[in-house]
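Chemist:
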Amino acid sequence: MGISRRQFLQGGALAAAGVALAKPGEANVDAPGLRTKGLKSSTTICPFCAVGCGLIVHTKDGKVANIEGDPKHPINKGSLCSKGSSLFQVAVNDRRLQKVMYRAPGSDKWEEKSWDWTLDRIAQRMKETRDKSFKASELNKKDNKEYVVNRADGMAMFGGAGLDNEECYLWSKFSRSMGVGLLEHQARL
Ligand code: SF4
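In our numbering, the protein residues as written are 136 to 324.
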């Protein structure tokens, strides 16, 4: 069915009049001003990657009720990628683990552990692995000479996209000091 230019303009004028006459309570329920009305708001940074997009978090009675891009933030000006847009589901999710769960080698059961126990365990396992795989020197087959390498080949370290420049610097320094040569970044995998 065709539509004349006059009919098109008349339809547009009617729609505009309808919008102008709508009462506040009849406006789109998705309008941010209504969804977050009366909620406490605070700003933060998205934890997922080093772009560092700004967020506004709305809370009600101490619980997260909404998360959205901060339009005043100089980096993202309110926009978020798909990961940042789904942050609400990370904050409010019954399936999110909030305690350390440990499964011993060979076991079929998960046990709840404290952070103190967990950090000690990680440090102990790192020390054991480093001691087992550390090489002070290595023979170079090309010239048949022994060279100092101070390398722990049994370990690898992975950085994450959430690390900024300074954290990456510290992470690489820490890894090198442990003798780790296999240092990679999550985004290259
Ligand atoms: S994950 Fe997306 S929203 Fe979060 S900081 Fe990176 S680009 Fe921004």
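Heads up, the beta-carbon is just placed ideally off N, CA and C, and yes, glycines get one too.
On a predicted model such as this, the values are computed, not experimentally measured, just so you know.
So who's on the other strand from T194, going by DSSP bridges?
Modeler: K175 and V199
Chemist: Would you mind working out which of S176, G197 and V199 sits nearest I191, comparing C-alpha positions?
Modeler: Comparing Cα positions, the closest option is S176.
Chemist: Can you give the beta carbon distance from T178 to D205, rounded, assuming they're within the 8 Å contact cut?
Modeler: 6 Å
Chemist: Under a three-way DSSP split, which group does S312 fall into?
Modeler: helix
Chemist: Where do the N-terminal and C-terminal ends of the beta strand (DSSP E) with V283 fall, by residue?
Modeler: K280 to A287
Chemist: Could you pull the DSSP bridge partners for K248 from this structure?
Modeler: V235
Chemist: Let me check one thing: in DSSP terms, what residues is M292 bridge-paired to?
Modeler: L318
Chemist: Quick one: Cα of K267 to Cα of Y304, how far?
Modeler: 26 Å
Chemist: Checking 8 Å against the spacing of the C-beta atoms, do R256 and M313 come in under that value?
Modeler: no
Chemist: Quick check on this structure: which residue in G189, E203 and L215 has the alpha carbon closest to the alpha carbon of P209?
Modeler: G189
Chemist: Counting C-beta neighbours from all protein chains within 10 Å, is the total for V154 16 or more, i.e. buried, or is it exposed?
Modeler: Note that V154 scores a pLDDT of 42, beneath 50, so its modelled location is shaky; the value from the coordinates is reported in the next line. Exposed is the call here.
Chemist: Identify every residue that forms a DSSP beta bridge with L274.
Modeler: Looking at the DSSP assignment, L274 forms a beta bridge with E281.
Chemist: Put F183 into one of helix, strand or coil per three-state DSSP.
Modeler: Assigned with DSSP and collapsed to three states, F183 falls in coil, not helix or strand.
Chemist: State buried or exposed for G219, treating a residue as buried only when at least 16 other CB atoms are found within 10 Å of its CB.
Modeler: buried
Chemist: What three-state label does DSSP hand G241 in the structure shown?
Modeler: coil
Chemist: Using only the alpha-carbon positions, how far apart do K158 and L169 sit?
Modeler: Its pLDDT being 49, under 50, K158 is placed unreliably in this model, and the value from its coordinates should be taken loosely. Taking the straight line from one Cα to the other gives about 13 Å.
Chemist: Rounding to the nearest angstrom, what Cα-Cα distance links G289 and F269 in this structure?
Modeler: 8 Å
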